[in-house]
Each structure stands twice: as C-alpha cells, then as structure tokens.
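Visitor:
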Amino acid sequence: MPLPPASPEHDGWMLEALAEARQALRTADVPVGAVVVGANGELLARGHNERELLNDPTAHAEIVALRRAAALLGDWQLAGSTLVVTLEPCVMCAGAILAARVARVVFGAWDDKAGAAGSVYDVLRDRRLNHRVEVFAGVRAEESGELLSGFFREHLQA
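Take the sequence shown: its letters are residues 1 to 158, numbered as in full-length UniProt numbering.
#1: Would you list, in sequence order, the uninterrupted beta strand (DSSP E) runs of no fewer than 3 residues that lie entirely inside the UniProt domain "CMP/dCMP-type deaminase" (8-136)?
#2: What residue does the alpha helix (DSSP H) around R140 start on, and which one ends it?
#3: Under 8 Å Cβ to Cβ from E52, same chain only, skipping five residues before and after it: list those, please.
#4: Roughly how far, in whole angstroms, is the beta-carbon of D126 from the beta-carbon of V120, given that I think they are within contact range, below 8 Å?
#5: Can you give me the C-alpha to C-alpha distance between E88 and G80, rounded to a whole angstrom?
#6: Just to confirm before moving on: does the CB-CB distance between H10 and V84 stay below 8 Å?
#7: Please name the residue, chosen from P57, T58, A65 and L54, that lies closest to H48 on a Cα-to-Cα basis.
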C-alpha cells in the first residue's frame, strides 16, 4: 500500500524528534526520539529511548512519549494526535500506537529488521484491526539513519 507524501509541518516536528534522539546518547541508549503533537498542532510530549537508563525493555521513544502525552491529557486515548519518530516503530510500539488511537505516524528511517509500519510488518494499517493509522515515511530519513549508524559503529567498536 503506497504512502502519502509528508508535509513541511512534518519536517519541523521531525527536527524536534531528532533533537530528542540525541538526548538518548547521554545514557548510551539507541538514538531514537519521538514527539506527540496534539490535534490542534501543539506539542504534547517528547521522549527518547530510555531502555539502558531504566533497564526497561519497553522504554522505547514512542512508548515514553505516548505515556507522557496521556499523563498530560489525563486520557489514554490520544485521538487526533500525531506521533513523529525518527525510526519506523516496532511491533510493540505499533500496538501501543493503535491502543492509544493515534491518528497518524510520521517516521524517519525505515527499520528493515523490526519495522511494523510497512517494512517487515504493516501493523499500523492492517485492515483486520479496529483502528488504522495514517502513515508518512522517510521524513529526514538520512539524518535519522546517520544518527543510528554512527551510534552502532561506535558501540560495535567498543
């Protein structure tokens, strides 16, 4: 299923997600960042990978940002919101995105090993599920990919 083109607004939010991804480097976490944008275009929450920091396998950037947005709103349903993330969401994160009723996902780099938004799986747009998400891919993909590649090059040499 083809993906629609991203908008200039998506590009601006991806810059925020990339800045958040760089924060993960301080704790030697994989540099993935995410922001949740409300239905009215306001920044609700941001998050980056915190698996190493918290010793929590579920502390992916998307989960961290979704939890913070839900806490801010006092509602687990994030209807009308947009999640912008530097890497294609995995199956776990795709499940959380669906559960939170996120309207759209914008991501940077494809994840050919664990992606669940069109590369390995397409959980977010699976017609068998009760909620589907509009997906925009490849926004600042090169920057997102370079951040990840640099991290893994450095950590594989260590």
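Backbone N, C-alpha and C fix where the C-beta goes; we use that ideal spot for every residue, glycine too.
Guide: Working from what's here:
#1: 33-37, 43-48, 82-87, 104-109 and 134-136
#2: The sequence position of residue 140 within the sequence shown is 140, counting from 1. No alpha helix (DSSP H) holds R140; DSSP gives it neither H nor E.
#3: Mapped onto the sequence shown, residue 52 falls at position 52. So the qualifying residues of the chain are T27, A28 and D29.
#4: For the purposes of this step, residue 126 is taken as residue 126 along the sequence shown, with counting starting at 1. For the purposes of this step, residue 120 is taken as residue 120 along the sequence shown, with counting starting at 1. Actually they do not touch by this definition, with Cβ atoms about 13 Å apart.
#5: Taking the sequence shown and counting its residues from 1, the one referred to as residue 88 is at position 88. Taking the sequence shown and counting its residues from 1, the one referred to as residue 80 is at position 80. Whole-angstrom Cα-Cα distance: 20 Å.
#6: Locating residue 10 in the sequence shown gives position 10, counting from the first residue. Locating residue 84 in the sequence shown gives position 84, counting from the first residue. Yes, these two residues count as a Cβ contact at 8 Å.
#7: Translated into the one-based positions of the sequence shown, residue 48 becomes position 48. That would be A65, whose Cα lies nearest to the Cα of H48.
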